[in-house]
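Take any residue in the sequence shown, count from 1 to its spot, add 2: that is its number in the numbering used here.
A short worksheet on the structure shown next.
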Amino acid sequence: MPEFATPYSVKRSERKLTNEELIRAIRFSIAGEYEAIQLYEEIAETIDNEESKRLLNEIAGDERVHAGNLLYLLNLISPEDARGHKEGVEEAEKVIKGGKE
């Protein structure tokens, strides 16, 4: 399997990814989007330049959209992940409404 932590390693792969490898790559990509959001927001919180703050916050918003796109794709190609996400939402709704897990 290609090493996804290394930039451009997917481009150097001599073969296509299996579905399981694609699922892992999408999960890794989702984590990367959230890491980028955290970084952009932290930078924006530590500077005074308003134009830079606005742009960094806009970029963070774009990353949220990318994370949503990737999560949709993950749920589409991985029924197991889709079930887990659905169960997680249902469980959280019960807890929030005062029920038990």
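A virtual CB, placed ideally from N, CA and C, is assigned to each residue, including glycine.
Every value quoted in this text rests on a predicted model; they were computed, and no experiment measured them.
Counting along the chain, the unbroken alpha helix (DSSP H) around L24 starts and ends at N21 to E47. The three-state reading of DSSP puts D83 in helix, counting H, G and I together.
Excluding the 5 residues flanking it on each side, A38 has same chain C-beta neighbours closer than 7 Å at E65, in chain order. Taking 8 Å as the cut-off, the Cβ atoms of E35 and H87 do not count as close.
With respect to K55, A62 sits apart: the two C-beta atoms are not nearer than 8 Å.
Taking C-beta atoms as the reference points, L72 and I25 fail to come closer than 8 Å.
The alpha carbon of L78 has as its nearest neighbour, out of K18, E16 and E22, the alpha carbon of E22.
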